[in-house]
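Numbering (our numbering), first residue to last: 644 to 1019.
Where is the CB? At the ideal position from N, CA and C, for every residue including glycine.
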Amino acid sequence: MTDDNLAREQKEETVRRVLILNGGGDAPGLNAVLRAFVKTATGLGLQVYGSEDGFAGLIEEPTRVVRLMRSDVRGILPKGGSILGCSDTADPFAYGATGPDGASKTIDVSERVLAKLDEIEIDTLVLVGGGGTMNIGMRFAKLGVQVVGIPKAIGNDLAATDLTFGLDSAVTTATAAIDTLHSTGEAHDRVMVLEVMGHDAGWIALMSGIAGGADVILIPEIPYDVDRVIEKIAERSSPSGNFSIIVVGEGSKPLGGTVSSITEKHDQLPQRLDGSGFQLARLLEGRIDHEIRVTVLGHLQRGGSPSSFDRILGTRFGVRAAELCYHDNTGQVVALRGQDIVAVPLEAAVANLKRVPPDGELVAVAHALGIELGQE
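Below, the structure written as structure tokens:
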């Protein structure tokens, strides 16, 4: 072996390796994050690997871990989804399995992940995800893994950052839906109910409702009095206009009622919310002189090309995360604070759920515009 070949081999052996994965659901801007992270990290001399479908790529056999080069992220900036895929069920500490009796159960396969990270000599694990993913990151950090986090949540419910990428795209999609519902609602004198995502946080509902000129906005943080909703609909009934637009966050519920859901939370799996729009429609049925139509926007809010804002924010997050890896500043999450991208302790990302403050400025704006929120 020549001296040059030996030098190259020794350099290859000492290059630090980082692995990035997407935990939880997809969000517009994920590919912007991956593109920025790969381009910046490789520019700094790091080797970048990606685990396909979140932690599933590290857990399942055969392993699905791929080397990521600059050529792999070329042209992905405007694309929705993720070139690495996503998984909102592959929790290494509560992984779905089938017992000897055929019953479903969850098992801890975190040791398998640790062994795989050691086998492929990963120095830093980079997690792109929401609160659940950051909690997993915390647990791995306690086991000695060097972790860097990038916050992702279209519902904007992570306390570590002022805004998460994906929110702007989701609000833009919901606002466009409200604009469309205005014309068909007015044509038929109907009450149009639009259910949007956000789980226990009402940011998408409140922001899109204000942007789209909704008459009623119902959010999880403010249990609603259906009588107030009915009064608002009656107030809008006149010869010049006889329709109403209602935006409902999926985690909303009536006073004294419960949130509508498909499944309950169990074995560390999140509760799946669905049906708040239809729940409201049932409460209104027979009490108003209007036809009611419910539109559930669903995963339209997650897909599609990200907005320019989310592309920029995702890019800024990806660049800063790569720099944290390069400087060995782990145990950190990148975050937007004011106008700056900063690094905050991983604990800050899971400290609490960031919900809409009922006495906050956005709620006050809605009240000032005469929008009904279901309570005083």
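Check: Residues near residue 1005 by beta carbon distance below 6 Å, same chain, minus five either side; Outcome: 849
Check: CA nearest to the CA of residue 1016, picked from 706, 871, 844 and 817; Outcome: 871
Check: Pick from 886, 897 and 702 that is closest to residue 737, judged by C-alpha positions; Outcome: 702
Check: Residue 774 beta carbon less than 9 Å from that of residue 801; Outcome: yes
Check: Nearest-angstrom Cβ-Cβ length linking residue 893 and residue 842, presumed shorter than 8 Å; Outcome: 6 Å
Check: Beta-carbon proximity check, residue 677 vs residue 804, cutoff 9 Å; Outcome: no
Check: Minimum Cβ-Cβ distance from residue 876 to chain D less than 9 Å; Outcome: No chain D is present in this structure, which holds just one protein chain.
Check: Per-residue DSSP class, three states only, for residue 749; Outcome: strand
Check: Assigned exposure category for residue 991 - 16 Cβ within 10 Å defines buried; Outcome: buried
Check: Buried versus exposed call for residue 688 [16 or more other C-beta atoms within 10 Å across all chains shown]; Outcome: exposed
Check: Start and end residues, beta strand (DSSP E) containing residue 740; Outcome: 738-741
Check: 8 Å contact criterion, which residue 977 and residue 963 should meet: CB distance rounded; Outcome: 5 Å
Check: Simplified DSSP assignment, three categories, for residue 674; Outcome: helix
Check: The alpha helix (DSSP H) enclosing residue 938, as first and last residue numbers; Outcome: Segment 935-939 is the beta strand (DSSP E) holding residue 938; no alpha helix (DSSP H) there.
Check: Helix, strand or coil at residue 921 [DSSP, three-state]; Outcome: helix
Check: Three-way DSSP call (helix, strand, coil) for residue 679 in this model; Outcome: helix
Check: Chain-order list of residues whose beta-carbon lies under 6 Å from that of residue 812 (same chain, five-residue window excluded); Outcome: 671, 949, 950 and 953
Check: Limits of the unbroken beta strand (DSSP E) element including residue 983; Outcome: 983-988
Check: Three-state secondary structure (DSSP) of residue 885; Outcome: coil
Check: Cα-Cα separation between residue 911 and residue 696, rounded to whole angstroms; Outcome: Note that residue 911 has pLDDT 47, beneath the 50 cutoff, so the model's placement of it is unreliable and the number below is only indicative. Using only the alpha carbons, I get a separation of about 19 Å.
Check: contact_flag[the stretch 924-936, the stretch 829-840] where n(CB pairs < 8 Å) is 3 or more; Outcome: yes
Check: Local conformation of residue 835 per DSSP, three classes; Outcome: strand
Check: Straight-line gap, residue 718 to residue 662 (C-alpha atoms, nearest Å); Outcome: 21 Å
Check: Sequence-distant residues of the same chain with beta carbon closer than 6 Å to residue 751, five excluded per side; Outcome: 736
Check: Inter-residue Cα distance where the pair is residue 973 and residue 924; Outcome: 48 Å
Check: Residue 727, DSSP secondary structure in three states; Outcome: coil
Check: Closest by C-alpha distance to residue 1014, when choosing among 1007, 880, 1003 and 859; Outcome: 859
Check: Simplified DSSP state of residue 854, which is helix, strand or coil; Outcome: helix
Check: Residue 814 to residue 873 span [Cα, whole Å]; Outcome: 26 Å
Check: Extent of the continuous alpha helix (DSSP H) to which residue 701 belongs; Outcome: 699-702
Check: Residue 866 versus 897, 927 and 847, residue with shortest Cα-Cα distance; Outcome: 897
Check: Inter-residue CB distance, residue 840 and residue 797 (contact presumed, cutoff 8 Å); Outcome: 6 Å
Check: Host alpha helix (DSSP H) of residue 779 (start-end); Outcome: 774-785
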